[in-house]
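Undergrad: Sharing a structure here in structure tokens format.
In the working numbering, the protein residues as written are -4 to 192.
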């Protein structure tokens, strides 16, 4: 995270494919059930998604992207965000990777600001925030689900960390973030989604 290293688009896509709960989709299978390792240790359908700030991925426009890890949530997620977000698949994105471009632009300053003004959020090839389907999960399953959503974010974070090191770049978790400004930046309704960064 030196503010000049770049990553190839194909490498970025491969990293995100390994973050999918069901593994690589086959025969049009939707991403939802956590079957792939290490996600299969979590015995519930995925409830955590990722908002990505792409800064320096060669072949991919800088901007905001959304990784939908449970495709059953796509409609609700799209409805809960700003109407001007595009929600289009980026160029050359694998068919089985539910990644969507929301908006193009330089979001380094926003990613830094949302991460307690830490440079690491703007200095990497990309950074991300995780969002969970919080209130419906708690209503459906009970309060015991709350820490389990953190478990899911933790497993996803570990996969991203290992993926980064496997391709020869550094990675870190950002332990500080501003939740409410993050939600207002994306106009995501807190009733549906709670942010974890």
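Each residue gets a CB set at the ideal place from its N, CA and C atoms; glycine is no exception.
1. Using only the alpha-carbon positions, how far apart do residue 191 and residue 18 sit?
2. According to the neighbour-count rule (16 or more other Cβ atoms, all chains shown, within 10 Å of its Cβ), is residue 118 buried or exposed?
3. Can you give me the Cβ contacts of residue 125 inside the same chain, cut-off strictly under 6 Å, excluding the 5 residues immediately before and after it?
4. Applying the 10 Å Cβ sphere with the 16-neighbour rule, what's the burial state of residue 111?
5. Does the beta-carbon of residue 158 have 16 or more other beta-carbons within 10 angstroms, so that it is buried, or is it exposed?
6. Where does residue 127 fall in DSSP's three states?
7. Indicate the three-state DSSP secondary structure (helix, strand or coil) for residue 58 in the structure shown.
8. With DSSP as the reference, please indicate the residues paired to residue 94 in a beta bridge.
9. Going by DSSP, which residues form a beta bridge with residue 122?
10. Near residue 88, what residues of its chain come up, given a Cβ to Cβ distance below 7 Å and the 5 sequence neighbours on each side ignored?
11. If I measure Cβ to Cβ from residue 47 and keep anything under 6 Å in the same chain, skipping five residues before and after, which residues do I get?
12. Would residue 152 be called buried (16 or more neighbouring beta carbons within 10 Å of its own) or exposed?
13. Please name the residue, chosen from 136, 165 and 10, that lies closest to residue 40 on a Cα-to-Cα basis.
TA: In short, the structure shows the following:
1. Reliability fails at residue 191, whose pLDDT of 36 lies under 50, so the model's placement of it is uncertain and the value that follows must be treated cautiously. Going from the Cα of residue 191 to the Cα of residue 18 covers about 23 Å.
2. Residue 118 comes out buried.
3. Excluding positions up to five away in sequence, the list reads 43, 45, 148 and 191.
4. Exposed is the call here.
5. The C-beta of residue 158 has 16 or more other C-beta atoms within 10 Å across all chains shown, which makes the residue buried.
6. The answer is strand: DSSP assigns residue 127 an E or B state.
7. Residue 58 falls in the strand class under three-state DSSP.
8. Assignment of beta-bridge partners to residue 94 by DSSP yields 62.
9. Paired residues: 48.
10. So the list reads 8 and 94, once near-sequence residues are dropped.
11. Taking C-beta separations shorter than 6 Å and ignoring five residues to either side along the sequence, the partners of residue 47 in its chain run 60, 121 and 123, following chain order.
12. Residue 152 is buried by the Cβ-count criterion.
13. Of the residues 136, 165 and 10, the one whose Cα lies closest to the Cα of residue 40 is 136.
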